[in-house]
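So the sequence lines, in the order shown, correspond to chains A and B.
Counting in this note's numbering, the first sequence runs from 1 upward without gaps.
Counting in this note's numbering, the second sequence runs from 1001 upward without gaps.
All residues carry an ideal CB built from backbone N, CA and C; glycine is no exception.
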Amino acid sequence: MKRVESGAVLTNSEIAKNIYAMTIRLPLIAQACKPGQFVMVYLDRSEMMLPRPISIADADDETLTLIYQAVGQGTEYLSRLRPNDALRTLGPLGNGFTIPDELTHATLVGGGIGTPPLYFLAQELLERGVQVSVYLGFRDESIMREDFASLGIPPLIATDSGAYGFHGNVVALLRETKDAPELFYACGPTSMLYHLAQYAKAIGVPCQVSVEERMACGVGACLGCAVENAARDPKYIKVCCDGPVFYSDQVVLHG
Amino acid sequence: MDKNLRVNIAGVELKNPVMTASGTFGSGQEYSEFIDLNQLGAVVVKGVSHTPWEGNRPVRIAETHGGMLNSIGLQNPGASAFIANDLPFLRKFDTKIIVNLCGHTIEEYVAVAGDFDGIDVDMFELNISCPNIAQGGMAFGTDPRMIEKVVAAVKARVNIPLIAKLSPNVTDIGEMAAAAQAGGADAISLINTVMGMKIDINRLKPVLDNKVGGLSGPAIKPVAVRMVYQAAKRVSIPIIGMGGIMTGEDAIEFIMAGAAAVAVGTANFVNPTATIDVITGIESFMEKQNIRDLSEIRGIIQEGK
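Shown next, in the form of structure tokens:
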């Protein structure tokens, strides 16, 4: 069930340049959420009224972990919050990743700040006994490498700059390894999702993608977060409640 | 103290003056997990047209200082899908239902009104003020002759009260209000969003795909209060005031300017319980100021009151 819950920030630290990991004490949302869902974080600032949609990177019985990039005024404001500051949050929102009962081998593909929700998903998959491979792509600096490694699934890394791991994009890395899972799970920039979806289709593997769009309400009322519906009717569907996770053939992705 | 929050709009009795603003509350169900819809004076549902409208291409939303721009483009599944899928849920609640009607032409406005023949709703709100569609919408709402004509045409087709929703993107709101009344509107609601634009200076282009959109939120409240004040001078029909209402105090401003009722819009996005908080805020203001009935302060700032 969706709810508004306020809780104290426990930690909020920079884990890479402009990327922050925040833990917040939000037991009700933390217990209710599942991988692939997101929360809306209210800034409660009159000049920045709209809540910020942020994917859930991890949750336990008490706390929610959000990993976000400080890219604008709102997320920069979030990055300055300190332990014990209160944060009002709406969640859990969206449908989350679907895990088929018979799944035995899945490959997770993350791009940049799209990586965090895959960490939450990886734990769930491992608990269900699914074999998990992880591929992550970054411009330059990688994040969450150790987090996945500590789950026993060290990720293969691609960087655009060649600073670490494979020199190139993560879909090119994936092509080279010829990993053939039963299902891809992906979150990252739209162009990455587009190219992954093309690859997945070519090798006949279904692919779930988590997409993002600007949104105001998070609950399906404002119709701001439209994504093009591959089935055409209606032309647009909602990221916040029809998604954010779709099978890649359900939505029109742009390269 | 016994307080009376009830208000009568064109013969329809609302339990309190707080309604939702069209397009910010879905069809009610979206917010029913957060608030008790029975407590609302009325639910004004998202805009409905005769045939499905696909809406504008994203990006549809941009945040601005103290407000937001939207260019949704009145995406909706059409009247028959709305009646079949959305209305039954809302009808279960003890609140009034106001259906916002959209069209590109007078014929389309009349057609969508006709789609509700025999359907149990309480009032219509005629959207002649949406800035985000190429034809219809605001093109009607900024020309007094067109306002009178479209209001009269729809009024002749319906047998429940008709509210005309006015655009602020005009020179003289009083003239538009008077035209709606002359066309036979039973009430007017104002303001719809104010045309605005935001530019992404790093990408060298507007943030919204539609380039321009409608500004809402606290940033437009002074414009809205002023327009309610001016419109109230020109018409005798009830006014539903809206534009940036976040609190009970904001609502009281509109009522003092002359509004019979108010609508809460963008605040829902900032606070899912905003409508209930506004009702509670109005009640506590009345308590503090020893007001028994909102009629004691309605239009109180108007000269001659």
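Which residue from 69/A, 30/A, 38/A puts its Cα closest to that of residue 59/A? Looking at the Cα atoms, 30/A is the closest of the given residues.
Using a Cβ-Cβ distance under 8 Å, would residue 1159/B count as near chain A? So no, residue 1159/B is outside the interface.
Can you pull out the residues from the segment 28–52 of chain A whose beta carbon lies closer than 8 Å to at least one beta carbon of chain B? 42, 46, 47, 48, 49, 50, 51: these are the residues of the segment 28–52 of chain A whose beta carbon lies less than 8 Å from some beta carbon of chain B, given in chain order.
Per DSSP, which residues does residue 84/A bridge with? Please list them. Beta-bridge partners of residue 84/A (DSSP): none assigned.
For the segment 1032–1049 of chain B, list every residue whose C-beta sits within 8 Å of some C-beta in chain A, in sequence order. Contact annotation: in the segment 1032–1049 of chain B, residues whose CB is within less than 8 Å of a CB in chain A are 1033, 1034, 1046.
Inspect the CB distances between the segment 1178–1190 of chain B and the segment 1151–1162 of chain B and report whether three or more fall short of 8 Å. Contact annotation: the segment 1178–1190 of chain B touches the segment 1151–1162 of chain B, with at least three C-beta pairs closer than 8 Å.
So residue 207/A and residue 216/A are in contact, right, with Cβ under 8 Å, and what is the actual spacing, rounded? Beta-carbon to beta-carbon, residue 207/A and residue 216/A are separated by about 28 Å, too far to satisfy the 8 Å threshold.
Return the CA-CA distance between residue 1005/B and residue 231/A, expressed in angstroms with no decimal places. When rounded, the separation of the alpha-carbon atoms in residue 1005/B and residue 231/A is 48 Å.
So with CB distances below 7 Å, who are the chain B contacts of residue 234/A? By Cβ distance, chain B contributes 1052, 1054, 1077.
DSSP three-state call for residue 1022/B: helix, strand or coil? Three-state result, residue 1022/B: coil.
Partner residues on chain A for residue 1024/B, Cβ-Cβ distance less than 7 Å: Neighbours of residue 1024/B on chain A, chain order: 221, 222.
Find the nearest neighbour of residue 130/A within the set 157/A, 101/A, 191/A, judged by alpha-carbon distance. The residue among 157/A, 101/A, 191/A with its C-alpha nearest the C-alpha of residue 130/A is 101/A.
Applying a beta-carbon distance threshold of less than 8 Å, which residues of chain B neighbour residue 214/A? Against residue 214/A, the close residues of chain B are 1058, 1059, 1060, 1061, 1062, in the order they occur along the chain (beta-carbon pairs closer than 8 Å).
Curious, which full-length alpha helix (DSSP H) runs of at least 4 residues does the segment 146–201 of chain A contain? Listed in chain order, the complete alpha helix (DSSP H) runs (minimum 4 residues) inside the segment 146–201 of chain A are 170–177.
In chain A, what lies closer than 7 Å to residue 1217/B by C-beta? Ordered by position in chain A, the residues that pass the 7 Å Cβ test against residue 1217/B are 49.
CB-CB under 6 Å to residue 42/A, same chain, minus the five flanking residues each way: which ones, in chain order? Taken in chain order, the residues that qualify are 51, 88.
Quick one: is residue 70/A near chain B, going by C-beta distance under 8 Å? Taking Cβ atoms only, chain B never reaches closer than 8 Å to residue 70/A, which makes this a no.
Under three-state DSSP, which class holds residue 1197/B? In this structure, residue 1197/B counts as strand in the three-state DSSP scheme.
Where do the ends of the beta strand (DSSP E) carrying residue 1035/B lie? Here residue 1035/B belongs to no beta strand (DSSP E), and DSSP marks it neither H nor E.
Of the residues 1066/B, 1156/B, 1277/B, the one placed nearest residue 1036/B, counting alpha carbons only: Nearest in C-alpha terms to residue 1036/B, of all of 1066/B, 1156/B, 1277/B, is 1277/B.
Please look up how many angstroms separate the CB atoms of residue 1023/B and residue 1055/B, rounded, as I've assumed it's under 8 Å. Here residue 1023/B is actually not in contact with residue 1055/B; their C-beta atoms are around 11 Å apart, not less than 8 Å.
Using a Cβ-Cβ distance under 8 Å, would residue 1019/B count as near chain A? So no, residue 1019/B is outside the interface.
I'd like to check one pair, residue 1166/B with residue 1204/B: are the Cβ atoms closer than 8 Å? No, they are not a contact pair.
Check the DSSP bridge columns for residue 1190/B and list the partner residues they point to. In the DSSP assignment, residue 1190/B is bridged to 1241/B.
Counting only the same chain and skipping the five closest in sequence on each side, list residues whose C-beta sits under 8 Å from that of residue 1242/B. Residues of the same chain with a CB within less than 8 Å of the CB of residue 1242/B, apart from the 5 flanking positions on each side, are 1021, 1189, 1190, 1191, 1224, 1254, 1262, 1263, 1264, 1265 in chain order.
Spell out whether any CB of chain A is found under 8 Å from the CB atom of residue 1272/B. Interface annotation, residue 1272/B: in contact with chain A, CB-CB separation under 8 Å.
Residue from 1110/B, 1259/B, 1300/B whose Cα sits closest to the Cα of residue 1157/B: Among 1110/B, 1259/B, 1300/B, the Cα nearest to that of residue 1157/B is on 1110/B.
Terminal residues of the continuous beta strand (DSSP E) containing residue 1042/B? Taken as a continuous stretch (DSSP letters only), the beta strand (DSSP E) holding residue 1042/B covers 1042–1044.
Compare the beta carbon distance of residue 1279/B and residue 1039/B with 8 Å and say whether it is the shorter of the two. In terms of Cβ geometry, residue 1279/B and residue 1039/B form a close pair [threshold 8 Å].
Inspect the beta-carbon positions of residue 1012/B and residue 1096/B and report whether they are closer than 8 Å. Taking C-beta atoms as the reference points, residue 1012/B and residue 1096/B count as a pair closer than 8 Å.
For residue 73/A and residue 214/A, what's the separation of their Cα atoms in angstroms? Taken atom to atom, the span from the alpha-carbon of residue 73/A to that of residue 214/A is near 15 Å.
Of all the CB atoms in chain A, is at least one closer than 8 Å to the CB of residue 1242/B? So no, residue 1242/B is outside the interface.
Can you give the beta carbon distance from residue 104/A to residue 182/A, rounded, assuming they're within the 8 Å contact cut? With a Cβ gap of about 7 Å, residue 104/A and residue 182/A count as contacting.
Less than 8 Å separating the beta-carbons of residue 1098/B and residue 1116/B? No, the pair does not count as a contact, with Cβ atoms beyond the cut-off.
Using a Cβ-Cβ cut-off of less than 9 Å, list which residues of the segment 1191–1207 of chain B approach chain A; keep chain order. Residues of the segment 1191–1207 of chain B that bring their beta carbon within less than 9 Å of a beta carbon in chain A comprise 1207, in sequence order.
Just verifying my parser: in three-state terms, what is the DSSP assignment at residue 91/A? Residue 91/A: strand per DSSP, three-state reduction.
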